[in-house]
Every structure is written in structure tokens, then in C-alpha cells.
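Counting from 0, one number per residue, gives the positions in the first sequence under numbering that gives the first Met the number 0. Backbone N, C-alpha and C define an ideal beta-carbon position, used for all residues, glycine too. Please read these numbers as outputs of a predicted model, since none were measured by experiment. Scroll down for the structure; my scribbles are underneath it.
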Amino acid sequence: MLEKNFHPKEVENRLYQMWEKAGAFRPSDDASKDPYCIVIPPPNVTGRLHMGHALNNALQDCLIRFERMRGKAALWQPGTDHAGIATQMIVERKLMDEEGVRRLDIGREAFLDRVWQWKAESGGMIVDQLRRLGATCDWSRERFTMDEGLSRAVREVFVRLYRDGLIYRDKRLVNWHPDLKTALSDLEVENIEVEGHMWHFGYPIADQNGAPTDQRIVVATTRPETMLGDTAVAVHPDDERYKHLIGSQVRLPLADRLIPIVGDPYADPEQGSGAVKITPAHDFNDFEVGRRHDLPQLSILDEAGRINDAAPEAYHGLDRFEARDRVVADMRAGGFLEKIDPHTHTIPFDEKSKSVVIEPLLTDQWYLNAEKLAQPAIEAVEAGRTQFVPRNWERTYFEWMRNIQPWCISRQLWWGHQIPAWYGPDDHIFVAETEAEALSEAARHYGADTPLIRDPDVLDTWFSSGLWPFSTLGWPDETAELNRFYKTDVLVTAFDIIFFWVARMMMMGLYVMKDVPFHTVYIHALVRDEHGQKMSKTKGNVIDPLELIDEYGADALRFTLLAMAAQGRDIKLAKSRVEGYRNFGTKLWNAARFCEMNECIAQPEFEPGQCQQPINRWMIGEVQTTALNVTEAVEGYRFNDAAGALYRFVWNVFCDWYLELIKPLLNGDEGEAKRETRAAAAYVLDETLKLLHPFMPFLTEEVWQRFGETGHPRSGMLINTSWPKAQTALIDVEARAEMEWVIGLISEIRSVRSEVNIPAAARIPVLLQGADETTRERLERHMDRLKTLARLESIKLTDAPPTGSIQAILEETTVHIPLKDVIDIPTETERLSKEIAKVTTDIDRIDAKLGNEKFVNNAPEHVVETQRERREEAILTRTKLNDALKRLQDAAA
RNA sequence: GGGCGCGUAGCUCAGCUGGUUAGAGCGCCGUCUUGACAUGGCGGAGGUCACAGGUUCAAGUCCUGUCGCGCCCACCA
0 MLEKNFHPKE VENRLYQMWE KAGAFRPSDD ASKDPYCIVI PPPNVTGRLH MGHALNNALQ
60 DCLIRFERMR GKAALWQPGT DHAGIATQMI VERKLMDEEG VRRLDIGREA FLDRVWQWKA
120 ESGGMIVDQL RRLGATCDWS RERFTMDEGL SRAVREVFVR LYRDGLIYRD KRLVNWHPDL
180 KTALSDLEVE NIEVEGHMWH FGYPIADQNG APTDQRIVVA TTRPETMLGD TAVAVHPDDE
240 RYKHLIGSQV RLPLADRLIP IVGDPYADPE QGSGAVKITP AHDFNDFEVG RRHDLPQLSI
300 LDEAGRINDA APEAYHGLDR FEARDRVVAD MRAGGFLEKI DPHTHTIPFD EKSKSVVIEP
360 LLTDQWYLNA EKLAQPAIEA VEAGRTQFVP RNWERTYFEW MRNIQPWCIS RQLWWGHQIP
420 AWYGPDDHIF VAETEAEALS EAARHYGADT PLIRDPDVLD TWFSSGLWPF STLGWPDETA
480 ELNRFYKTDV LVTAFDIIFF WVARMMMMGL YVMKDVPFHT VYIHALVRDE HGQKMSKTKG
540 NVIDPLELID EYGADALRFT LLAMAAQGRD IKLAKSRVEG YRNFGTKLWN AARFCEMNEC
600 IAQPEFEPGQ CQQPINRWMI GEVQTTALNV TEAVEGYRFN DAAGALYRFV WNVFCDWYLE
660 LIKPLLNGDE GEAKRETRAA AAYVLDETLK LLHPFMPFLT EEVWQRFGET GHPRSGMLIN
720 TSWPKAQTAL IDVEARAEME WVIGLISEIR SVRSEVNIPA AARIPVLLQG ADETTRERLE
780 RHMDRLKTLA RLESIKLTDA PPTGSIQAIL EETTVHIPLK DVIDIPTETE RLSKEIAKVT
840 TDIDRIDAKL GNEKFVNNAP EHVVETQRER REEAILTRTK LNDALKRLQD AAA
């Protein structure tokens with residue numbers, strides 16, 4: 000016997016282990032089954048499950064369970080990402096906290112050992128947390144981006160790209176992280192608006208001998224320290240104010256260097272003074288200007304962001320912000336500071352901490368020619384070989400892909416895939432998959448064995464992530480899984496990594512596999528807090544999914560997320576919502592409990608089409624409709640529709656009506672109708688469990704199992720059961736009409752009872768007017784139900800005009816309960832008058848509509864028909880209301 | 001500057017290709033501990049669908065504009 004409530008804690012772990020032990024997560028080997036594959040967005044090994052993961056994985060698990068039940072060989076390929084920077088930082092901090100050593104103190108080898116050690120100890124946390132959510136990943140295939148196999152894939156792709164000329168080494172400005180001392184890609188930089196200043200400097204123009212004159216040219220900057228690296232001043236070639244100065248020179252203060260004034264359209268005459276200082280080594284725009292004019296690139300910062308030897312001695316070793324103050328002070332002292340304006344501008348910060356200011360720095364790095372790789376990736380989406388859901392994200396994708404910049408793929412870190420490049424004594428580059436290969440190439444190149452030095456840098460984490468859809472399936476080997484599951488089916492992710500990841504997978508997949516990595520990209524919402532803020536540790540507004548699981552169970556959390564996963568909108572998560580869906584679980588649990596108590600046991604030979612009772616025929620039809628709706632919704636990635644359909648079906652149809660309506664029967668004598676109803680109820684419950692399983696796997700499986708203990712033994716676990724195929728032939732329109740009539744009648748009687756304040760416990764007789772033959776038959780069939788659910792004592796029929804009415808009930812109840820006692824007559828009179836006025840305006844409006852020829856001629860038949868019916872109904876209601884009003888007034892008098 | 005999206009009940013949000021009387025959860029009011037469920041039942045209040053125009057027989061839904069809000073990209077000497 001089921002307990003009164005479902006206790007997730009006692010069930011979840013047990014069922015999960017049972018599934019896993021039974022191998023339920025492994026795709027079927029049956030070659031006749033269609034393959035279905037999702038690769039998980041690999042969480043960082045350093046990660047803890049946050050709400051975004053919970054949503055992301057609830058969606059994937061829902062799809063995987065759905066497709067598995069639909070008979071596909073479903074593979075959910077799991078794994079984790081080594082997360083270069085994040086992981087390195089965590090281990091560095093740990094080293095410092097526990098042993099007081101820096102990574103440089105112990106050296107690269109030892110440090111990497113520590114990272115691996117750390118990974119072994121605590122890297123599995125996020126994976127366990129995914130299990131708690133109920134994620135049915137095939138854990139036997141779990142991969143890690145730094146595994147030997149995946150690392151081999153990385154090396155091979157790198158070498159291929161290099162040999163195809165798509166990876167190259169270049170010296171240009173990169174986004175430099177002065178704390179971590181590494182380059183970052185454009186995407187890892189976040190521009191944040193801050194209040195700052197604009198300093199205006201007057202640079203003295205030099206005479207023919209290079210000596211400063213009194214004439215000044217004013218430039219402005221938000222980064223005064225960079226003036227130490229200025230190598231020109233630019234003015235617009237057509238700017239009348241400065242045209243004549245092009246070709247002359249400026250005596251740069253402090254640095255005391257002569258720099259040219261050049262004409263370049265980059266200088267905007269409208270902005271500031273119209274003249275702009277050019278610092279090619281510290282500004283992306285200036286870099287371009289410098290290239291055009293062949294200006295020297297004078298880098299004045301070292302890798303830690305301190306002023307280097309290229310600047311005057313007074314500034315050596317100063318941090319960039321100290322240097323800023325110093326430069327401003329010195330400029331002021333020298334009389335070169337014209338003015339300071341307050342100024343809001345955006346400053347590049349590192350995207351992770353949002354606290355370190357990124358410096359453009361001139362360094363040698365490895366680049367990937369993304370423009371070339373983007374071409375086929377753009378075409379694939381244009382041609383629809385990969386589709387975004389919702390569609391509008393394609394615009395975002397195109398926008399970025401069409402303006403894609405070279406991708407800086409090297410990082411000056413230790414944790415990651417070391418770049419397979421070696422340098423000869425003359426810095427000649429040898430790129431090869433192994434050192435041996437590189438050495439033999441070098442021997443060929445130099446004509447003798449030559450020692451090589453390996454490039455110490457590692458690759459951007461996202462490089463290996465880009466290979467994920469095929470590297471996890473075994474590439475570069477031609478594995479059975481690769482053949483079977485690539486391309487994969489759908490990628491599920493949030494929009495914030497479309498650029499980081501989706502775009503890169505598209506490029507890499509097409510380059511390496513010559514096919515898109517997935518046919519669909521489902522972009523889901525971001526989970527925010529109740530105020531719509533992005534959840535973040537610093538804001539302290541994080542809701543921990545694990546806490547919610549502890550409190551309400553994994554099913555409740557999953558259902559909440561799925562029910563709210565409307566397309567394209569952010570999810571503002573409120574706890575009350577989770578609670579509501581937990582209650583939904585309880586409701587279903589108790590419905591099952593009710594079935595169990597009433598011996599509704601699934602009969603293996605039960606034929607849903609053979610039912611005789613209209614109520615059962617109706618209910619079976621409702622299940623079919625729901626199966627149809629849920630299937631279509633999940634197929635279309637409309638998870639909220641699917642969840643909503645299930646919620647309404649279970650609660651508002653199955654529990655509220657069906658179970659209530661069959662109570663008189665179940666409590667009555669044994670007989671064919673009772674037997675049929677028990678079997679039908681059990682059938683409906685089973686179908687419901689199946690439909691709900693991808694959404695609430697634990698509760699449904701538990702009920703499924705428990706019923707197998709007391710009823711007919713189950714042939715298998717719910718997780719492996721076939722998805723209900725909607726049989727539209729089982730939808731009996733007549734039975735539905737009849738039951739809707741019964742439900743409507745009960746609702747009306749209840750509503751009227753309440754309106755006239757009949758105590759809930761009171762049993763009343765009811766007079767129904769205008770009963771025709773069909774109505775009489777129906778009443779006969781459902782008499783018990785009507786009496787029970789509407790608390791009627793008796794039902795009398797008259798031949799007078801139409802159906803159950805306020806008037807009739809008022810009339811009859813007066814027999815038992817004096818009207819005056821239960822009704823406040825003045826209030827009631829007022830209410831009725833208002834009601835009458837309202838109905839009258841309704842009638843007028845409908846009359847106007849029906850009087851409109853265009854409407855009658857053009858609107859679909861059923862719309863016009865509906866309007867006519869409504870008109871008649873309204874007129875009838877008005878008559879009744881008027882009668883009731885008159886009666887009240889009589890009673891008052 | 002370019003792009004995307006949002007504005008519907010007190011709160012959080014659904015509402016697909018225009019078509020009955022605009023829905024849900026939570027909250028609120030009333031009522032009921034009746035043998036599945038108080039994590040519940042039953043009944044109810046609450047909305048000029050941001051605003052202004054337009055298309056249409058018909059607009060929350062389509063178009064234009066206005067106001068307010070959010071996000072992404074780029075730029076800002």
C-alpha cells in the first residue's frame with residue numbers, strides 16, 4: 000500500500016542505482032533502432048551544479064528519456080571540461096592556502112600532477128550532482144577533455160589546421176590578463192561601463208630642428224600612461240585646422256621623443272579636438288593606424304602590467320595605474336595638461352572575475368583563421384542543415400559569424416592541451432603530433448639531428464570543446480559509435496555560449512567531419528532570480544538546485560524548470576513555483592493511491608477500445624488526446640506546453656473529474672461496469688505514468704514498480720517502457736459530449752448552490768426543466784454521480800423549457816431553506832440588476848455583430864453559429880434573471 | 001551605432017499559424033476535515049492585454065509610431 004505522501008529522498012537514489020545497474024542508460028545495440036544522440040555541454044570539472052545546469056540537463060534528460068521510450072537507441076554522451084583557467088586558478092589558490100607555495104615554485108610538472116590529483120579527488124562532484132537530478136547519461140562513456148583520446152583528437156586537428164594554413168603564428172595586439180599573464184580571446188573580455196576621466200594633453204609641435212615650440216596640438220585620452228608609448232598624432236587628412244601640420248612633428252613630453260603628425264581618416268574631426276594620439280602597441284585602433292603609416296610599435300608595459308624599460312626611467316616598474324597618476328602629475332607640472340573632464344566609458348575586464356582590467360598587449364600568439372572556417376558553418380545554417388530553435392538565434396549566429404575575427408587560441412597557462420609545436424634553434428616552427436615526428440622533421444629540415452624546444456603554451460579550452468561532438472565518440476578512430484551517432488541530433492544550451500561553443504563546434508565539425516555536428520540547436524532560457532537578475536555568487540542571489548532537490552525532490556525541480564522553459568524567455572525562478580509542482584506530484588501519488596485502494600489493477604488483456612461505459616470511453620479518449628499533445632509538444636521543443644498539458648490532464652481531468660465520477664461505481668456492487676472501470680482506471684494511470692516519466696522520472700517509476708508488487712507483475716521498468724502512441728480511433732466523440740454535459744451540469748448546480756448560499760452539507764432536491772429523451776437517458780445513467788458530486792437529494796424533471804436553471808433551484812430550495820434566511824435581499828437584488836445589465840450589453844453587442852453583413856458573410860460558419868447560440872443563451876439567461884429578481888422582490892414584500 | 005526581446009490579474013508568467021466569455025501557479029476572500037490527497041476539495045473576487053494609430057467581418061495575437069524595461073554585439077581619442 001502506498002503511503003500518504005511520496006518521499007523523494009527515500010526513493011531517488013535507490014531508483015537511480017537500479018536504472019544504472021540495469022544498464023538502462025546505455026543505448027540499445029539493436030541495429031534496427033534509429034540512433035538518437037545528444038552530447039552534453041560538458042560542465043567544468045571545477046563546477047558545482049547551478050540552476051543553469053539543472054535546466055539544461057533537465058531538458059536533455061527529458062528528450063533522451065522520451066526518445067528512448069519511443070524506441071530509439073538513445074545515447075546521452077556525458078563528460079566534463081578541463082576548464083583551463085578556472086581549474087588552474089583553483090589549484091593555485093589551494094596550493095597557496097595549504098602549502099604557501101606558488102605554481103612557479105614547484106614547476107610545471109609538479110603543478111600539473113597536483114591538478115590531476117585534485118581532479119581525481121574532487122572533479123567528480125558535478126557528475127554526482129547530475130545523477131541526483133536524474134540525468135540518464137551513459138556514464139560508461141564518460142569523457143574528459145584532457146583524456147588521452149580527446150587530447151589525441153586535439154593534436155590531430157591542430158596539426159591538420161596548421162598544415163592547411165588555417166593556424167598560424169602572429170604578432171599582434173591581444174587581450175592580455177596582467178594577473179594571470181596570459182592572452183585571452185575577444186569573447187573572454189567583457190566591456191563594462193565605468194565613470195572615469197578624459198585627460199586633455201597639449202603636445203608641443205616641434206620646429207624644423209625638433210625643438211618644441213609654443214604651438215600645441217591637443218589630444219585626449221582615458222589612459223594617460225599610454226602616452227609614454229605614443230608614436231604619432233593623427234589628424235583627419237581633410238581637416239582644415241590641422242591639414243598643414245601633417246608631416247611635421249611633435250615633441251612628446253616626458254618621453255621627450257619626436258613623433259610625426261600623420262593624416263589618417265581614423266581621426267574624427269567631430270570628436271574632441273579632432274587630433275588623436277596614436278599608441279600602436281596599446282590600442283586596437285591605433286594598431287591599425289600604425290600599420291597603415293608604418294609607425295613603430297612601442298610597447299611600454301611588461302606582462303604584469305608594469306611600465307618597462309622602453310619608457311623613461313622615472314616610470315620603470317610602476318604599475319599601470321600608479322603610472323597613470325604619475326604621468327598626469329608630471330604632465331600637469333610640465334604645463335601640458337589642458338583639462339580633465341569626467342567621462343563615462345567602457346573598460347575591458349576579464350569576463351570571469353570582472354575585476355581585472357585587460358590590457359591590449361603586443362605578443363606572439365597562435366591564431367586560427369576563423370573567417371575561413373566560418374564560411375561553411377554559415378552556409379550550413381542558411382541551408383537549414385542545422386536549425387536553431389527558436390529560429391531568431393540564427394540572426395545572432397550569422398551576425399557574429401559574418402564578422403568573425405581571428406581566434407587567438409594560445410594561452411600562457413600550464414593546465415590545458417600543450418600546443419604541439421616545437422622550435423628549432425633559428426625559431427623555425429615544427430608542428431607535429433608527437434615530439435618524435437617533430438624531431439624527424441627537424442632532422443630533415445636541418446640535415447642533421449637538431450634539438451627542439453616545445454612551445455610552452457596551451458590551447459584555449461574552447462578549442463577542445465569545439466571537437467566535443469566527435470572526439471567523445473572516438474574520433475580520430477573510426478569507431479562504431481562515431482559512425483552510428485554522428486551527426487548528433489540536438490544540442491541543448493543557453494544563448495550565452497552560442498559564440499564560445501556552438502559556433503566553434505559548427506566550424507570544427509564541418510572542417511573535420513565534413514558534416515554538421517547536430518541538426519538542431521535548442522537554445523533555452525537563462526535562469527534568473529525572482530527579480531530577473533542573473534544569479535551570481537557576488538550578488539548572493541543564487542538558488543541552489545541541490546537544496547531545492549533536498550526540499551522538494553528532483554521531480555518537482557525538473558517539472559518546474561520544464562514547465563517554465565518557454566522559448567526565448569528568461570526564467571524567473573520562485574520557490575513557490577517549485578512547491579506548487581511538488582504538490583502536483585503529491586496529487587498524482589494520491590491518485591495512484593486511490594487506484595490502489597480500489598483495486599484498479601492493470602489487466603494485461605485489457606482492450607481500451609472494448610469499454611462500454613461512456614465515462615471510461617471518454618477518459619480513454621482524453622488520454623489519447625494528451626498523448627498526442629505531449630508528443631507533439633516535445634517533438635517541437637515546447638516543453639512548457641507538454642508539461643502544461645500533463646498537469647491539466649492529471650489534475651483537472653483525471654483527478655478532479657474522472658476519479659470523482661467513478662467513486663459511486665467503485666463503492667457500489669460488484670459487476671461488469673465496476674470491473675471495466677477498475678481496469679480502465681488502471682490503464683489510464685499506466686499511460687499517464689509513461690507520459691509523465693520524462694518529466695518526473697522518480698515518482699512515476701516508483702508508482703510503476705509498486706503497482707507491479709501488488710497487481711500483475713511488471714514486465715520491466717518504466718524507463719524502458721514504450722511511449723504511448725496516441726490512438727485517435729479511441730477518441731469517442733459521443734462519450735466525450737456526454738461526459739462534458741454531466742460535468743457542465745454538476746458545475747452549474749454547484750455554482751448556483753454557492754450563489755444562493757446553500758450550506759455545503761445540505762442535500763437539496765433539484766428540478767430540471769426541458770428534459771428531452773436524450774437528457775433523460777443521460778440523467779438515468781449518471782444519477783448517482785450527479786447526486787454525489789452536486790450533493791443532490793433528488794432530481795425532478797419537467798417538460799417546461801430548457802435545462803437546469805437558477806430559477807429552478809431557487810424554487811426548489813425554498814422548500815427546505817427559507818430564502819430570506821440565506822439571502823440578503825437588497826444585496827442580491829443589486830447583484831441581479833447588475834447581472835441583467837451586463838447580459839443586456841452582451842446581447843446588444845452580439846446583435847450588432849450578427850447584423851453586420853460582412854461578418855455573417857465572411858466569418859467561418861462555426862464562429863457565426865457560436866454567436867447565434869450565445870445570443871439565444873444570453874436572452875434565456877436574462878429571462879431567468881428577471882424571473883429571479885421578481886421572485887426576490889416578492890419575497891421581500 | 002547595429003541587433004534581439006519584453007510590457008497580459010497583487011506577484012511570477014502562459015497564450016502556436018488572427019476566430020467562442022483572455023488562462024495557470026502563488027497570493028487573497030468564503031466554505032468544507034466527506035474513506036486518495038489540507039502538499040487537499042468546492043465556490044469566488046481580481047485584467048480598458050503599456051499607449052496611440054492602422055489592416056480586418058474579427059486584433060492580446062498582424063503593421064506603423066510613442067513611452068518604459070532588459071539583453072547581446074560594436075565603438076567611444
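By the Cβ neighbour-count rule, Met596 is exposed, with fewer than 16 other Cβ atoms within 10 Å of its own.
Between the alpha carbons of Ala231 and Tyr314 lies a distance of about 21 Å. Remark: C-beta atoms of Leu336 and Ala182 do not approach each other more closely than 9 Å. 9 Å or more divides the Cβ of Leu149 from the Cβ of Ala564.
Cβ neighbours of Ile428 within its own chain (closer than 8 Å, five residues either side excluded): Arg168, Ala420, Trp421, Tyr422. DSSP places Ser746 in the uninterrupted alpha helix (DSSP H) bounded by 732-754. With contact defined as three or more Cβ pairs closer than 8 Å, the stretch 505-512 and the stretch 356-375 are in contact. Counting only residues of its own chain and dropping the five nearest sequence neighbours on each side, Val158 has a CB closer than 6 Å to the CB of Val430, Glu432.
Sixteen is the threshold: since fewer than 16 other Cβ atoms of the shown chains lie within 10 Å of the Cβ of Ile191, the residue is exposed. Between Ala72 and Asp112, the C-beta gap is not smaller than 9 Å, which leaves the two residues out of contact. The beta carbon of Ile408 lies closer than 6 Å to those of Trp365, Leu367, Leu458, Asp459, Phe462 in the same chain, with the five residues before and after it left out. With respect to Leu796, Thr828 sits apart: the two C-beta atoms are not nearer than 9 Å.
Contact annotation, Pro603 with Tyr682: C-beta distance approximately 11 Å; criterion of less than 8 Å not satisfied.
As computed with DSSP, Gly579 is found in no beta bridge at all. Counting C-beta atoms within 10 angstroms of its own C-beta, Val755 has 16 or more neighbours from the protein chains shown and is therefore classed as buried.
Residue range 358-367 is occupied by the beta strand (DSSP E) that includes Glu358. For Pro603, the three-state secondary structure derived from DSSP is coil.
Given a length threshold of 3 residues, each whole run of the beta strand (DSSP E) inside the stretch 376-451 is given here in chain order: 386-388, 420-422, 428-430.
Note on geometry: alpha-carbon atoms of Ala82 and Val520 lie some 23 Å from one another. With fewer than three CB-CB distances shorter than 8 Å, the stretch 437-446 does not count as touching the stretch 220-238.
Rounded to the nearest angstrom, the gap between the Cα atoms of Tyr396 and Ala493 is 13 Å.
Just so you know, the alpha carbons of Glu11 and Thr559 end up roughly 17 Å apart. By the CB criterion at 9 Å, Val741 and Arg784 fall inside the cutoff. Rounded to whole angstroms, Ala266 and Gln248 show a C-alpha spacing of 17 Å. With fewer than 16 neighbouring CB atoms inside 10 Å of its own CB, Val855 falls in the exposed class. Leu172 is bridged by DSSP to Leu361. In this structure Ile718 is buried. Its beta-carbon is surrounded by 16 or more other beta-carbon atoms within 10 angstroms. The beta-carbon separation of Pro279 and Phe286, rounded to 5 Å, stays under the 8 Å limit for a contact. With contacts defined as CB atoms closer than 9 Å, Glu700 and Trp18 qualify as a contacting pair. The beta-bridge partner set that DSSP reports for Arg323 is empty.
About 5 Å separates the CB atoms of Glu91 and Arg102; that is less than 8 Å, so the two are in contact. If you draw a straight line from the Cα of Trp406 to the Cα of Glu550, it is about 45 Å long. If you compare the alpha carbons of Leu684, Ala219, Pro252, His861 with that of His196, the shortest gap goes to Ala219. Distance between Val702 and Glu480, taken at the CA atoms: about 34 Å. Remark: C-beta atoms of Trp650 and Phe583 approach each other more closely than 9 Å. For the 9 Å CB-CB criterion, Phe694 and Cys61 form a contact.
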